[in-house]
Every structure is written in structure tokens, then in C-alpha cells.
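A.B. asks:
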Amino acid sequence: MSDLTGQQINDKIYANWQRFYREGRIDRRTLMRAVMVWAGAGSVAGLLAACGGDDDDGNSANSGTTGGGAATSAPAEATDAPAGATDAPAEATTGESEGSTDAGGEGGTLRVILDQSDLPTMDPHMHNLRTGIIAFYHTHDNLGERNAETNLIEPWLAESWENIEPTVWEIKLRQDVKFHNGDDFTAETVKWNWDRVINPDQKSPQLGNHAQIAGVDIVDDYTVHVNTKEPYPIFVERLQNFQMIPEKLAQEKGDEWLAENAVGSGPYKFVEWKHGQELVLTRNDDYWNPDVKPAYKDLILRFVPGVPTQLAELLAGNVDIVRVVPFDQMKAVENSGVATPITQAILRVGITRLDAMGRSGPNPFQDVKVRHAANHACDIQGYIDALQPGGDRTPAMLNPMHFGFDPSIEPHEYDPDKAKQLLTEAGYPDGIDVKWVRGPSSMPNQDQVDQAMQRDLAAVGIRVEFETLSDGNVFTTRHNEGNAGPMCSYNWGSYSVFDADGIYWDMLHTDSIFTYYNNPDLDALLDEGRSSLDQDHRKEIYSKAQRLVRDEAPVIFMWGFHSVWGVSNKVDWKPRADEIDMYFTAKPKA
Amino acid sequence: MASVGSATQDSVNSAFSQQRLRQRTLRSVLQAAWKLRMSVIGGVILLILVFIAAAAPILSPYTPEEGRTVDRLQPPIWQGGSWSHPLGTDGIGRDYATRLMYGTRIALAVGLLATLLSGAIGIALGVMAGFFGGRIDAIISTLVNVMMTFPFILLALAVISVLGASFTNVVLVLGIGAWPIYTRVVKFEVERIKSLDYIHAGRVLGVSNLRLMARHIMPNLVNAIIVIGTVQVARLIISEAFLSFLGLGIQPPTPSWGYMLQESQAFMFSWSDIWLPTLPGLAIFITALSINFVGDGLRDLMDPHQRASL
Amino acid sequence: MGAYVMHRVIQMLIAVFGISVIVFIITNMIGDPVNVLLPPETPYEQREIFREEMGFNRPLYIQYADFLSSAVRGDFGNSFRTERSALSLVMERMPATLLLTVAGTILATVIAIPMGILSAYKRYTIWDNLSTLFVVAGQAMPIFWLGLMLIIVFGVNLKWLPPSGYGEMGIDRLKHLILPTVVLGVFLAPVTERLVRSGMLDALTQDYVRTARAKGLSERVVLSRHAFRNTMIPVITVLGLQFGQLLGGAVITESVFAWPGVGLLAIDSIRNADFPVTQAAVVTLAIIISLVNLSVDILVGFIDPRLRQ
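Protein chains in written order, with our numbering: chain E, 1 to 590; chain X, 1001 to 1310; chain H, 2001 to 2309.
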């Protein structure tokens, strides 16, 4: 059991950063990043509470409320592939449905569907899929894990961590953790794991996430020092998505064996991986964490691509949880008597990018009038109501859950005549012909939304031709290369950072590799938003930014998604807003 | 008087016999038609389909794209829908009957164009291989072997992935994938004909190769080609539908039956929505069926053995 | 005979070689392997370094030579997505495809043979017409639609059978096998029936049948011993030659039912730009088809020396 709570650890770290700054050992920019990390790890409720404070010495720390939700600036490092076209809710629907009631966690098998035709590997370091992350959260543990409500990273395998130097993090490890094969979890383990991932010869797809890690030193059996190349406030993020593999076993068996066998220390043990079919796990009754007692003895994660089939399996009673219920089928699920649809607002926001910068080549959207025309042409509320009910309008791209969201910003009205007029004013009385690049669907009914938009755009003269790429990675690469335009579908999860910065910077700042928009005025606002400690001030800044963004219309503004899970009526479980679902919290319904 | 009478009698006789001849011809036509009744039915259906494809703008007050999202999923007439949308509306409010009708255009167009393309390539190569023989034959035959060993659908998928999905590319891909069958048959026929005497004679007389090919060999191939061609049209229509079903064919909003099938998958969960996946598939089936019936009949007509029994 | 076999074997090798060339060229045109292998955020310079290290910047024919020399040893490289050997992925999925194709062939044969015999024997009667109808309808049927409808009716709404997937070993698998087999059977039966029928028709008019009849042998004996046996050879021949088509049908069926066979693997790998797997899958399928064709050719050549051209 850890002595320190995530909150206390967070505060201590922040205090250290302040000290380093006073001592002149880190620059202001780094301090600002640190502020955001510290503040970002606060409850959503807390985010809305103002946290006053001075700029100068940054001692605005309030114990308790971590206010302001200053965003962690997470440059495109996180494993969460920028949600461009991740295989839709390709996350596991690991809903552990419990078959039989039992507080002590008796028997029963939980069957869940992963929207994936297969996992590529059983080695948690060698993939970059969300479904993989979710699967391995069950078989392996991370040093820290995020609390969904507070957004804080809580101790898990690590008891505590602290930035003892600007580029050195001291991590104290739990001493009572055993891997499934009996090996001990020690400092050796941590060192070996990190060495492995940052080793270029290993070719881990997650290498980019750990780019700042220089190396790990062992201090004693249960203490390590992690060295970073530069002061690295978002190091904490790394703790919650880096699964630990037992090093002795790994060295003995080799990579090929690891790719087939998921041996970790997690609440479930690996039983079998039937390629292309399912992953069979069984409960780890010797799990080190007394607070986590999975109720189900066996957990089966099935690979079933294609939503219709997944749903059919759910309604037939063959599986207990499914991660995607198409909106049109919510009623059917509701009425089935077998399962219930559970809706959860998620941070993810959809947009249709307009290449204002000309990054993909010269195009009509470089004219702001044309961009406004595109926005006025679309009946956004109509699409939401008919096709993806529950969606939260994002008039300036911010989701109401983002800190800084200004409800006074008016969305573009649906006004085709205005759109036509704007086009004419811009010099296109006969309309324009443009290409719209899109990847695989990210949400149910996405194709219908796209086609409805295409129709409405055509009605004002913006004639769209789709280019549909069938693979998410291919799409993401083209997008990041600047080769997806002039229109392109995109969505962004903000790396679970509930702050305006979490989306604005990556989507619109000139320095971001994702942006197709370039405005020094906006850059200045965003930079200022990042550097300020005063939450009220930040709110003002982001209000200005929102007005600017709305007036500049670099995208067609759409909405924040609501995702729908399908959960068997025999199971009691709730999904998370950060889309990384953890199912050892599921219980059988009494 | 007798001569006049006999002349009249003769002319009456001949008139009668002429009429009997006509009757016999008419009867034999009807008999043939009865034997070929399936093909005739197929032909009629096909004509109707062609008509629908051509006259779609007149037959329907809507365009296949128009509609309001709020009008989505209106039921068809037999499920309580209204006559404004007798076959209901799709997921974004477009009239289903209209989309089905315009889908006929796509299906027939792709089927026909792709068949023409593959036929042109295949026949040309087949004639060359059969006529010139030797090394040319070896190369072409090897190519045919290779192509026929490559699972057609995978080849189509792979090439579309390179070219990108569009109407033109679908026609290209199908055309490029389907030519081998013509080459084989044509080559065989050409070789057979080539050995006939009058060709030898032509050669001796110095008629140019091209002329020989064009005037003497080609016409004899027509039978075989027509028979193969009709079957191919049906097959290619189905192939396009499958490509579009996978999202790698005709792109929206152009109504391809295959794409409509894919869209309808979201609505397969209750009996009341079942018209959405049923109708487009039925359309593909009926189209292919009618073409196959016609093809069958043509084959019977072309085949001298069968013809005799008509 | 020896020369004939040699000739055929060489043809087969050429065909497989040709396919490997085609699939290699096409996959390299689909996308840039560098982009597939590296995470999307990788900066340009790193990509170029990677490209050089992996040899993707060499001229295509050299890369092909490399590919070929490894391929003949069974090494198609590792999947871009999963780092596992491409060939092992293909092999692992082979049993599923085999199961499906065998089941489909059996079903098709069981339907087609009686139907073919009956319609040949009772030519021009109602049976013949019905079977013609069946054949034409079967050939016009878009099997992916048939599969979809079966899933909708039996899998989703009536819930009698599982809507897709492979199932657990045993009874469960058999349940999962039913619908895909029906689809593949429907795909294959028409052609088979036609063959049986025409083979029977041919045989029935042969002299030896008339002789048998003249000898007073019962109809049943005439049918079974003489006509039928002589029919089977051409049937088997063309079944073998249709094997390529059969695999094509299997590919489609696997994709509709999410049946984890080589066909689905091939489709997925094309969509994911996972070249080694595409190459391995296509070449393997080609080899199998060629081997089947080869065996049929040899068998035919053996039985009927006239056909040895």
C-alpha cells in the first residue's frame, strides 16, 4: 500500500519544479509545462474552479483543488495515435460481465468483444493499438494508473515518484509484486523494460513516446532513477501507459516467445491466444492489489471485426459487452431484454479540416469566406439529432468538457443562402470542386454523416469527391505529411487532457505537425494560454482564442462525441470518458 | 376457262402454301421461343432494366442524392409507408426506389464497359496468339496461365488499392482482370480456323495477315465471344458490387447497389428494417439472372446441335 | 509421360513465378513500406534513414531478387503489422480455409451429383428444367449478399445460428461452419451440376451404354456402373480446374463471415498495406491452385494419353 496518494505526489512534484525554477535550473517554459501537468491532473469539477495565483513565483498551489486544468502539452508522443482514424471504437469492450453474483469473485466467464480482427502481438511493447493497450491493462500493470474521475495518476506498481533533479526522477517501487510466473518485480525489472523500449534495435512502435528517456539507474532493489534528456514535466504520463514485463523470463525466452505469451503481473493471467479469434485470460487470485478483485474468474476477449456481427453476438447472449452500439440500434438493444446501451460523453471531438494553409496544395479554402460558406452549408444540429444523438456542439472546436469552453460563442447557423452568397463574394459563383480524404469510420453512422454533409455542401455549390482510405495508419501518415486535403475528416481525443490547450495546440498551432492552419495571432494566444498560471486570465485568453477560431473557421465545426457501449443486463459496469476502459471494475448485477 | 381457273387455282394454292409456310415459320418461332422461354423472360427483364436505367430521371421525381436527413428510414409501402417513398428512404433520407433505379445505370454501365474492355484485350491477345503461334503464343499463354491462377478478387482489390477507388478505376480493374478467358477460347478457335483450307488459300494468294484475321477469322469467333461475354457481364456486375460493398469500388454518393448493401448493414437487426439489405441484393441478383438467362438462350441458338432441336 | 509431366511442372513454376512478380510489383505500388512500418509521427529524416537501412531505396528489381531468394526458402519476411513471419501467419490460417473449402465442396457435390444425374437421365422433363433454373440462379447469385441475408435471417433475427466467426473446436465450430458452407456450396454447385449433367449425357449416348442396354442389363446397372463412372473423370478434372474459382469464392465467404482463413488474411493485408503478408498469401494460394491444376493435368494425362498434347 502506498503512503502517498496521487494528489500528494503530484503536489510534491510541482513544488520541486517551482524550486528548480527559483534556483535557475529550469527555464520558464519548462515551468509552465510543469504547471499544466500539475493542474491538468485535477477533477473535471475542479477544472472549473478558479485557481488564483501569481505569475512570478508560482506559489499558487492550493492543496485540494487543482484548478485550472492547464493542459499538459503532449506533443505527438502519446501512444494514443492522434485519433485521426483509429479503428473506430477499436477499444476492447472489455466489460467484464459477471455471470454469477459474487462479491468474493467466484466463477463465471466474462466475454467481451474487441473491434479488431486480431491483436498483432502479446508483447505490450510491440504494438500501437488502443485495443492492445486495453487488453494488456488486464494482463500487465503499469507503474501508475489514471483515476478516471480525478485525472490523477495514482501509484500502482510504483509507490511514489519524484523529480529529485530537473532531469532525474526517483521512483520507489512496491515490494510485494510478483509476476504470474513467480518472478519478483524489482528495480531490475524497471530498468530492463525501459532499456528495451528505448533501444532502437528493438524497433518498438512506442519508441516515440519515450523519446525523452535517456536511461535508468538502479539505486537499490526497489528504487530507480530515471534520467531524461531534458527537464520533462510530462514524464508522469509515461507511467500510466508502459506495461512491465518480467525481465528474467523475457531474457530467458526471447522476443518471439513474448510475442505469443502475455506474462505480466496484472489482475488477469494469460491462458491462451487463439490467433484471429480470441484471447483467453483467467483471474490472478494472487494479485498484489487488494483493492482490485475482479469478480469474474475467466475473461475472454474475442476478436470480432464489424459492428453488426458484434451486436448480433451481444443480442444473442454470446458476449457480455460490446464497445460500439450504433445509434440506430440503441432502441433494439434496449428492447432486447438482454442488454442495455450505456452512453458516455467522451472528450473526443470530430472536425472536418479545411486546408486553410494550403499545406496540401493551393485550394479554395485558403479564403476565409469559403470556409465560412462550408460551415453555413452544413446542418450540423440536424446531423447530430438524426445520426449521432447526444453529440455536444463545438462551435469553436472546444468540447464543453474542455476547460476554457466559452458557452457564449455562437455556432454557425445553417444557412445555405448565406453560404452561396459567401462563395460568390469569394469569386466562386459556380461553386468549387474539392477532394475530401477520409480514413476508416471512427464512429457509427460516420459514413452517413459524411454523405449528409456532402449533400448539403453540394447544395451550395461545394462539390465534394471522397477519397476513402481503408487503413488507419495509412490515413494518419498522409495526414501528418500534409497530404490529406483540401478537406479531411479528423477527430481528436486531446490525450485525455480536459483543457483547451489539449486540443487547440495540436490542432491549430503552427508548430504542430497536425495543423493545416497557420495564424501567428492564434499562436500568440495559445502560447500565452500555456504560460499563464492565472486560471481566470487563461479563461479570458481562451475565450479570445475561441472567438478567433470561430471567426477564422479553419475547420467545419462539428461536435463532441457520445459513445455507446452495449452491456449485458447481467453485468454492472460503466465505461470511462478517456476511452481506456478497465473492466476489472465490473460486477455482476445482483 | 380451264387455264384461267387453274391459274387462279395455282395462285390460290401458292397463296395457301405461302401462308402455311408463314404459319410454319411463325409456329417454329413460337416453338423456339417456348423452348427458350427462360431466355425470353430474361430478355424481357433485361430490357426493362435497360429502360429503367435510361429513363430513371423520368421515372422518379427525385434525384438519387436528394433528401432530408430528418426523413431517414421511412418504411416502404408494404410496411405502412407512404407513396411518396414507395420503397422507403435510406439512412439519410434518400428515396430508396430512386437509388435502386439509378443503381441500374451503374451496374449495367460497369458490366458492359468492363466486359468490352476485357473482351477487347482478351480477343486481341487471343487472335495474336492463335494466329502467330510460336513465341508470341508462348508468352501470351503463359500470361493467361498466370492471370488465371491469381484469384481474381484479390487482384482486383490490390490494383484498386493502388489506383484508388472510382468508377473509371473499377472498370479498368475489372477489365484488366477478366480478359484471360477470352484469350483461351479465341486462341483455340483461331487455331482451328487457321488450319482450314480457305485460309491456306488466302495465304497462298498473298492476302495480308491483318486482312485474313479481320475478314475471315473474326466473324467466326463472334458466336463464342457473345456467349462468353454475356456470362462475363453478369459476373463483372457482381464483382463491382462486391468491391463497392467493401468500400473499394464506386464511391458515394453515386448509388451502387453494392455500396447500398454495405450501408444497409447498420440496419440488419430487426425484421422491420430488412427491406434495406434485401432490395439492393435482389436487384443485383435479378440483373445477373436475366443476363444469364439471355446468355443461355444465346448459347443454345449458337450451338448447331441445340439449334437443330428448336 | 515423363516429358509431359516435366512440361506441366515447368508451366506451373512459370505461373507461380509470374504471380510473384505481379504481386510484388502491385504491393510496392500500393504504398510506401516505410510509412507502414514506422509510427506516423516519425520525422522525415528518420524515415529516410530507416528507408536506407531497410533497403527500400534500392531499385525494385534488386528488391525483387532479394524477395525471391528468400521466398524460395520459405521466408517472406515479417508482417509489417505484427513482426511475425508472414508465412507462418498464412500457414496458421490455412486450416480454417481448408475446412471451409472442403465442407463447401462436399456440400456442392452432394447437391450437384444427384441433380446432375437426374437431369441428364430425365432430360427435357420438369426435373431438367428445375435443375437448369437452379444452375442459372446459382451462377447469378451474388454470394456476399446471400451470406449477408443468411446472417440476417438465421443469425441475427431468428438466432438459430451464430452470425459469424470461427467458434470453439467441436460442436460450436460446426455451428459456425454451417452458414459459410451453404454459401460456398451454392457458389460451387451450379458448375458442378452442369458438368455432371453433360458428362452423364455424353456417357448415356455412348455405344457401350447402348450395348449394355442391349445386353439386357438393368437400367440401374447401366447407370451406375457404366455411365456414372465415366462421368466422374471429367467432373473431377474440371472440379480441379475450378479450384481457382473455389478459392475466390472462399475469399468472399471468409470476408462476409469473418471466417479467419487465408482469404480474409489476404484481404486485410491488402487494406492494411501489409505487403509481406499479401505476398505470402497470394503466392501460397497460387502454389496451391497450381498444384491442384498440375495434379489434375497429370491424372488426366495418365488416364487418357490422347490428351497429352
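We put the beta carbon where it would ideally sit given N, CA and C, even for glycine.
1) Chain E beta carbons: is any one of them nearer than 9 Å to that of A2140/H?
2) Identify the contact partners of R455/E in chain X, using a Cβ-Cβ distance below 8 Å as the criterion.
3) Here's the rule I'm using: 16 or more other beta-carbon atoms within 10 Å means buried, otherwise exposed. How should I2171/H be labelled?
4) Could you tell me if G95/E is buried or exposed, where buried requires 16 or more neighbouring beta carbons within 10 angstroms of its beta carbon?
5) Run through DSSP, which three-state label would W161/E get?
6) Counting only the same chain and skipping the five closest in sequence on each side, list residues whose C-beta sits under 8 Å from that of P520/E.
7) Please find out if some non-hydrogen atom of the ligand PLP comes closer than 8 Å to the beta-carbon of T167/E.
8) Pick helix, strand or coil for D291/E, following the three-state DSSP scheme.
9) Determine the burial state of F1051/X: buried for a count of at least 16 other Cβ atoms within 10 Å of its Cβ, exposed for fewer.
10) Do we get a CB-CB distance below 9 Å when we pair D536/E with the residues of chain X?
11) Using a Cβ-Cβ cut-off of less than 9 Å, list which residues of the stretch 1247–1271 of chain X approach chain E; keep chain order.
12) Cβ atoms of K172/E and T223/E: under 9 Å apart, would you say?
13) Quick one: give me the first and last residue of the alpha helix (DSSP H) that F242/E is part of.
14) Less than 9 Å separating the beta-carbons of S1118/X and W1179/X?
15) Closer than 9 Å, CB to CB, is S265/E near chain H or not?
16) Assign W1078/X to one of two classes, buried (16 or more other C-beta atoms within 10 Å of its C-beta) or exposed (fewer than that).
17) Terminal residues of the continuous alpha helix (DSSP H) containing W505/E?
18) Can you find a C-beta in chain H that's less than 9 Å from the C-beta of A1002/X?
19) Starting from the C-beta of N387/E, find all residues in its chain whose C-beta is less than 6 Å away, skip the five residues before and the five after it, and write them out in chain order.
20) Can you have a look at D55/E and say buried or exposed, based on whether 16 or more other CB atoms are within 10 angstroms of its CB?
21) Alpha carbon to alpha carbon, how far is V2072/H from E2053/H?
22) Taking DSSP's pairing of strands, which residues face Y638/E in a bridge?
23) Is the stretch 1091–1101 of chain X touching the stretch 1053–1066 of chain X in the sense that three or more CB pairs, one from each, lie closer than 8 Å?
24) Given that E2092/H touches chain E, what residues does it touch there, using C-beta distances under 7 Å?
25) Can you find the residues in the same chain that come closer than 7 Å, C-beta to C-beta, to S2085/H, ignoring five residues on each side of it along the sequence?
26) Give me the subset of the stretch 2155–2170 of chain H whose CB atoms are less than 8 Å from a CB atom of chain E, sorted by chain position.
27) What are the partner residues of A345/E, as DSSP defines its beta bridges?
28) Among N2272/H, R2047/H, I2267/H, which has the Cα closest to the Cα of R2093/H?
29) Classify W436/E as helix, strand or coil using the three-state DSSP reduction.
30) Taking 9 Å as the cut-off, decide whether the C-beta atoms of M2149/H and T1278/X are in contact.
31) Verify the CB distance criterion: does L387/E have a CB-CB separation below 9 Å to chain H?
32) Does A214/E come out as helix, strand or coil in the three-state DSSP assignment?
33) Leaving out five residues before and five after V2005/H in sequence, what residues of the same chain have Cβ atoms less than 7 Å from its Cβ?
34) Output yes if chain E places a C-beta closer than 9 Å to the C-beta of L1279/X; else output no.
35) Tell me the rounded alpha-carbon separation between P124/E and R28/E.
36) I want to verify the contact list: residues of chain H whose CB lies under 8 Å from the CB of F1131/X, in sequence order.
C.D. replies: Inspection of the coordinates gives the following:
1) no
2) E1065, E1066, G1067, I1092, P1253
3) exposed
4) In this prediction, G95/E scores a pLDDT of 34, lower than 50, which makes its location untrustworthy; the coordinate-derived value is nonetheless stated afterwards. G95/E counts as buried, since at least 16 other C-beta atoms from the protein chains shown sit within 10 angstroms of its C-beta.
5) strand
6) T510
7) The ligand PLP is absent from the structure shown, which contains no ligands of any kind.
8) D291/E falls in the coil class under three-state DSSP.
9) exposed
10) no
11) G1247, L1248, Q1251, P1252, P1253, Q1262, E1263, Q1265, A1266, F1267, M1268, F1269, S1270
12) yes
13) Here F242/E belongs to no alpha helix (DSSP H), and DSSP marks it neither H nor E.
14) yes
15) no
16) Exposed, by the Cβ-count rule.
17) 500–508 is the extent of the alpha helix (DSSP H) around W505/E.
18) Unreliable placement is indicated for A1002/X, whose pLDDT of 45 sits below 50; no coordinate value is reported for it.
19) In the sequence as presented, Asn is not what sits at residue 387/E; that position holds Leu. Around L387/E: N445, Q448, V449.
20) Since pLDDT at D55/E reaches only 22, below the 50 mark, its modelled position is unreliable, and the value read off the structure follows with that caveat. By the 10 Å Cβ count, D55/E comes out exposed.
21) Roughly 23 Å separates the two Cα atoms.
22) Outside the displayed span of chain E (1 to 590) sits residue 638/E, for which this structure offers no information.
23) yes
24) H275
25) N2078
26) G2155, V2156, K2159, P2162, P2163, S2164, G2165, Y2166
27) In the DSSP output, where bridge partners are listed per residue, A345/E has H562/E.
28) I2267/H
29) DSSP, read as helix, strand or coil, puts W436/E in strand.
30) yes
31) No, its Cβ sits nowhere closer than 9 Å to a Cβ of chain H.
32) Strand at A214/E.
33) Excluding sequence neighbours, V2005/H sits near I2298.
34) no
35) 36 Å
36) By Cβ distance, chain H contributes nothing, its closest Cβ being about 19 Å from F1131/X, past 8 Å.
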